[in-house]
Amino acid sequence: MSSSPSKLDLAARAAWMYYVAGNTQNEIAERLGISRQMAQRMVAYAGASNLVKVQIAHPISSCLELAQGLQQRYGLDVCRVVPGNTGNDAAAGDDAHGVQQMLAVAGAELMEQYLRQEEPLIVNVGSGRTLKAAIEKISDMERPQHQIVSMIGAFASDGSANRYDVALLAAEKMQSRFYLLPAPRVAESEADRKQWCNHRAYQIVTGLAQRADVTFLGIGTIALQGAMHEDGFIDDDEVAQLQNQGAVGELICHAFDAAGNMLRSPLAARITTPPLTSPPPKPVIALAGGRKKAEAVRGALRGGWLTGLVTDEYCAQFALQD
Numbered sequence: 001m002s003s004s005p006s007k008l009d010l011a012a013r014a015a016w017m018y019y020v021a022g023n024t025q026n027e028i029a030e031r032l033g034i035s036r037q038m039a040q041r042m043v044a045y046a047g048a049s050n051l052v053k054v055q056i057a058h059p060i061s062s063c064l065e066l067a068q069g070l071q072q073r074y075g076l077d078v079c080r081v082v083p084g085n086t087g088n089d090a091a092a093g094d095d096a097h098g099v100q101q102m103l104a105v106a107g108a109e110l111m112e113q114y115l116r117q118e119e120p121l122i123v124n125v126g127s128g129r130t131l132k133a134a135i136e137k138i139s140d141m142e143r144p145q146h147q148i149v150s151m152i153g154a155f156a157s158d159g160s161a162n163r164y165d166v167a168l169l170a171a172e173k174m175q176s177r178f179y180l181l182p183a184p185r186v187a188e189s190e191a192d193r194k195q196w197c198n199h200r201a202y203q204i205v206t207g208l209a210q211r212a213d214v215t216f217l218g219i220g221t222i223a224l225q226g227a228m229h230e231d232g233f234i235d236d237d238e239v240a241q242l243q244n245q246g247a248v249g250e251l252i253c254h255a256f257d258a259a260g261n262m263l264r265s266p267l268a269a270r271i272t273t274p275p276l277t278s279p280p281p282k283p284v285i286a287l288a289g290g291r292k293k294a295e296a297v298r299g300a301l302r303g304g305w306l307t308g309l310v311t312d313e314y315c316a317q318f319a320l321q322d
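Printed below as a string of structure tokens:
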């Protein structure tokens, strides 16, 4: 991989940050380690070179190489890597919002390749902020023949809904039929979980999910202020217990360690979301990025739970280090 990007690479990177992530020229200059004047010239050069259309037309070579490396290392069928902060200087910041916006654009493009098919599809949808952002960017389309299935419990134990359960949003975008999982995401007890999972409506929805043609999901972290903790599905003690077991991330609420092994725990016995399969029999594509997700993304890849990934440069480089 070349240590110094070409002028087109630099211009494309600046264009991503300016037009997609909404960074200012000062922010672009800081993150790319160039002057503000150079950042301004690179954005202008991207426009003059016809790189900026609906999408960035010039693929950044380093991102392509990282995507190819991930595909080869982890046996992925498809991979997209968006520009990101690849430096080691923590002071440069994670720029989580900017990374999320770029992931959303790339993720929406990939998702539409499946969703625009005329042939009826069963589509599993997980949850998460990045996945929600990507679905918001999907163009409205009439696909009443598709069936959209939510893979996660529809509500918390107190009855409150999760605003990042995005399957309904996807169904509305495509005017498709929608199926929600009629159970709390985390049951009160193992016995309570069995009662929910034995319900006829639950069996119908999970049976449909098992026949899905494609699955889109996010990758969460097991940490204080991680999605499951922030949304109230697990408390401080449960976070600590999972971390003591080596948990680094979760896929549709199922916690896994750094090697990608799903963890057996008191919490696992209460999760109502159906388990994933490794290797997946049908496409399973995750959208996740940012420094805080690096270990979780690598663990999901190591476990062989995915056939596709949309991530950023930092996570891609982290996953290729070992």
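With the UniProt record's numbering applied, the sequence shown covers 1 to 322.
Think of the CB as a built atom: it goes at the ideal place given N, C-alpha and C, for glycine as much as any other residue.
Give the range of the alpha helix (DSSP H) segment to which residue 177 is assigned. Careful: residue 177 lies outside any alpha helix (DSSP H), inside the beta strand (DSSP E) at 177-184.
Does residue 195 come out as helix, strand or coil in the three-state DSSP assignment? helix
By Cβ distance below 6 Å, which residues in the same chain neighbour residue 135 in space, the five residues on each side in sequence not counted? 166, 169, 170
What residue range does the alpha helix (DSSP H) around residue 28 cover? 25-32
Residue 250 by DSSP, collapsed to three states: which one? strand
Where do the ends of the beta strand (DSSP E) carrying residue 153 lie? 147-155
For chain B, check one thing: does any of its Cβ atoms lie closer than 9 Å to the Cβ of residue 245? Structure shown: chain B not included; a single protein chain is present.
Runs of beta strand (DSSP E) lying entirely within the stretch 274-301, each at least 3 residues, in chain order: 284-287
Here's a check: name, in chain order, each residue in its chain whose Cβ is nearer than 8 Å to the Cβ of residue 267, leaving out the five neighbours to either side. 186, 234, 238, 241, 242, 255
Just to check my reading of the structure: residue 178 and residue 148 have Cβ atoms closer than 8 Å, yes? What is that Cβ distance to the nearest angstrom? 5 Å
Keeping to the same chain, check which residues put their C-beta closer than 7 Å to that of residue 150; ignore five residues upstream and five downstream. 125, 165, 167, 179, 180, 181
Rounded to the nearest angstrom, what separates residue 130 and residue 228 at their Cα positions? 14 Å
Selection from 48, 7, 50, 53 that minimises the alpha carbon distance to residue 32: 7
From residue 21 to residue 98, what distance separates their C-alpha atoms? 4 Å
Assign residue 261 to one of three DSSP states: helix, strand, or coil. coil
The alpha helix (DSSP H) spanning residue 20 covers which residue range? Note, residue 20: premise wrong, no alpha helix (DSSP H); not H, not E.
Less than 8 Å between the CB atoms is what I'm expecting for residue 289 and residue 84, so what's the real figure, rounded? 7 Å
Starting from the C-beta of residue 103, find all residues in its chain whose C-beta is less than 8 Å away, skip the five residues before and the five after it, and write them out in chain order. 82, 130, 133, 134, 287, 288, 289, 310, 311, 312
With distance defined between alpha-carbon atoms, name the residue in 44, 75, 15, 40 nearest to residue 60. 15
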